[in-house]
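Enquirer:
There are 2 protein chains.
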Amino acid sequence: MRGSIPAATIARLPLYLRCLAQMELGQTTCSSDELALSAGVNSAQVRKDLSFIDPPGVRGVGYHAAALRELLRKELGLTHSYKVVIAGAGNLGSALTVYPGFAESGFDVVALFDIDPAKAGTTISAIAVRPLSELESVVAAEGITIGIIATPADAAQGVADRFVAAGVRSILNFAPAVLKRPAGVEVRRVDLSSELQILSYHLSQADS
Amino acid sequence: MRGSIPAATIARLPLYLRCLAQMELGQTTCSSDELALSAGVNSAQVRKDLSFIDPPGVRGVGYHAAALRELLRKELGLTHSYKVVIAGAGNLGSALTVYPGFAESGFDVVALFDIDPAKAGTTISAIAVRPLSELESVVAAEGITIGIIATPADAAQGVADRFVAAGVRSILNFAPAVLKRPAGVEVRRVDLSSELQILSYHLSQADS
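Chains as they are written, first to last, in my numbering: chain C, 1 to 208; chain Y, 1 to 208.
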């Protein structure tokens with residue numbers, strides 16, 4: 001493990017990749033100012049972030065766009081695809097199962113688990129919904145390292161513990177709960193209500 | 001506008017609120033160590049973050065849990081409810097429409113817009129799906145200040161521009177696109193693929 005890149009920088013690398021993908025076809029170079037503008041980050045920050053991955057530059061112009069994209073993809077571990085499982089086949093879990101951006105980025109949802117026996121055996125866009133009791137066997141058989149939690153809050157910790165015991169090392173948690181986790185397991189929270197709360201903070205400040 | 005709280009602190013305030021809500025019923029005080037542990041943040045950071053909102057403390061014990069919750073809710077502008085609209089009635093937009101956490105936090109989805117005329121007139125859990133052409137009139141009539149974008153990437157900027165022109169001042173963007181925005185409009189991005197990319201970074205580092 002190198003582990004020398006700050007967490008905030010790592011979190012911005014997918015943003016730069018997204019911005020490069022949004023650039024016009026045929027654009028061969030990209031300046032840090034241009035990338036900064038499209039990412040909504042200042043250019044000193046862009047240069048500092050990218051210095052960690054040392055992209056090939058074009059003197060006085062910026063970066064080779066295609067080379068920078070490749071370097072970002074390599075740094076983010078996106079040179080191969082990942083099989084992913086989702087716990088919770090409710091509205092959100094079902095929507096995530098068919099979310100096109102996952103497959104486009106190389107994350108293939110291979111199974112969906114639900115505690116409701118009535119849902120087991122159904123499919124969502126050809127992905128089988130399986131009983132939660134099969135979580136361990138599927139994770140082991142498929143060699144799953146990334147699990148997504150889309151259960152209600154009170155079920156999330158139990159599912160996280162089972163994911164980790166079965167071999168999952170990275171969890172994306174959509175349940176509105178803060179999870180305890182063992183060292184070495186990475187958890188990212190997407191707390192949908194918190195996002196609106198941060199927006200309401202800004203609204204209330206603007207009004208006061 | 002006071003505007004003196006750092007953005008990173010603001011982003012953690014909903015997390016502290018979430019942790020306080022997860023604490024056992026009847027717990028009247030809460031130490032910074034306890035809050036730090038449940039939030040996965042170090043306690044110096046918790047104390048620094050909370051110093052901005054100056055919560056009433058109990059000497060040698062910590063904070064009054066209920067008073068701290070109230071103060072956080074007030075600071076985040078959660079003392080009243082907000083009407084919210086969603087653009088994009090696909091799988092994700094539909095799941096967000098019925099996401100229970102929004103209403104629980106005081107965000108009521110009042111309308112959903114879609115460019116597909118076949119979807120207009122349908123309802124999702126009693127919320128009407130309206131043609132995109134009604135976006136401006138609904139935002140004005142309902143006094144909407146928060147808009148959620150759940151459209152494909154290539155439609156997101158157009159919707160954002162229409163939201164802002166109609167009076168929306170805060171946007172939660174789920175489309176995999178980085179939006180340009182006028183000053184004074186707050187945009188939060190939830191980029192689902194980026195979250196998995198950050199997890200894959202950690203997996204690839206652990207393996208190297």
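Idealized CB from N, CA, C, for every residue including glycine.
Counting only Cβ pairs nearer than 7 Å, list the residues of chain Y close to Leu199 of chain C.
Expert: Residues of chain Y passing the Cβ test: Ile146, Ser170, Leu172, Glu186 and Arg188.
Enquirer: Please say whether Val168 of chain C and Gly147 of chain C have beta carbons closer to each other than 8 Å?
Expert: yes
Enquirer: On the CB-based measure, 16 or more other CB atoms within 10 Å of its CB, does Leu25 of chain Y come out buried or exposed?
Expert: exposed
Enquirer: Can you pull the chain C residues whose beta carbon is under 9 Å from the beta carbon of Phe283 of chain Y, in chain order?
Expert: The question about residue 283 of chain Y has no answer, for chain Y in this structure spans 1 to 208.
Enquirer: Starting from Cys30 of chain C, find everything on chain Y with Cβ-Cβ shorter than 7 Å and list it in chain order.
Expert: Here the premise fails: no neighbours, minimum Cβ distance about 14 Å.
Enquirer: Helix or strand or just coil, what does DSSP make of Asp161 of chain C?
Expert: helix
Enquirer: Given this structure, state the Cα-to-Cα distance separating Asp33 of chain Y from Ile124 of chain Y, to the nearest angstrom.
Expert: For the pair Asp33 of chain Y and Ile124 of chain Y, the Cα-to-Cα distance works out to about 43 Å.
Enquirer: Report the partner residues of Thr123 of chain Y according to the DSSP bridge assignment.
Expert: According to DSSP, which records beta bridges pairwise, Thr123 of chain Y is partnered with Y:Ala128.
Enquirer: So the alpha helix (DSSP H) Gly26 of chain Y belongs to, where does it begin and stop?
Expert: It is not in any alpha helix (DSSP H) - Gly26 of chain Y carries neither H nor E in the DSSP assignment.
Enquirer: Nearest CA to the CA of Ser200 of chain Y: which residue from C:Ala155, C:Ala103 and C:Leu78?
Expert: In this structure, C:Leu78 is the residue among C:Ala155, C:Ala103 and C:Leu78 with its C-alpha nearest to the C-alpha of Ser200 of chain Y.
Enquirer: Pull up the distance between the alpha-carbon of Ser51 of chain Y and that of Ser193 of chain C, whole angstroms please.
Expert: 24 Å
Enquirer: Once DSSP output is grouped into helix, strand and coil, what is the label at Phe107 of chain C?
Expert: strand
Enquirer: Is Ala11 of chain Y near the ligand ATP, in the sense that its beta carbon is under 7 Å from a heavy atom of that ligand?
Expert: Of ligands this structure carries none, so the ligand ATP is not represented either.
Enquirer: Can you tell which of C:Val110, C:Thr145 and C:Cys19 has the C-alpha that lies nearest to the C-alpha of Ala128 of chain C?
Expert: C:Val110
Enquirer: Using 8 Å as the threshold, is the C-beta distance between Asp49 of chain Y and Arg12 of chain Y below it?
Expert: Yes. Within cutoff.
Enquirer: For the candidate residues Y:Phe102, Y:Arg162, Y:Gly143 and Y:Asp54, whose alpha-carbon lies nearest to that of Pro182 of chain Y?
Expert: Y:Arg162
Enquirer: Between the C-alpha atoms of Ile5 of chain C and Leu92 of chain Y, what's the straight-line distance to the nearest angstrom?
Expert: 32 Å
Enquirer: Check this for me: beta carbons of Ala39 of chain Y and Cys19 of chain Y, under 8 Å apart or not?
Expert: yes
Enquirer: Does DSSP put Val187 of chain Y in a helix, a strand or coil?
Expert: Reduced to three states, the DSSP call for Val187 of chain Y is strand.
Enquirer: Where does Ala87 of chain Y sit, in a helix, a strand or coil, going by DSSP?
Expert: strand
Enquirer: On a CA-only basis, which of Y:Ala7, Y:Glu134, Y:Met23 and Y:Ala166 is nearest Ala65 of chain Y? Give me that one, please.
Expert: Y:Met23
Enquirer: What is the rounded straight-line gap between the Cα of Ile149 of chain Y and the Cα of Ala7 of chain C?
Expert: 27 Å
Enquirer: By the criterion of Cβ-Cβ separation under 7 Å, what are the contact partners of Gly40 of chain Y in chain C?
Expert: Val178
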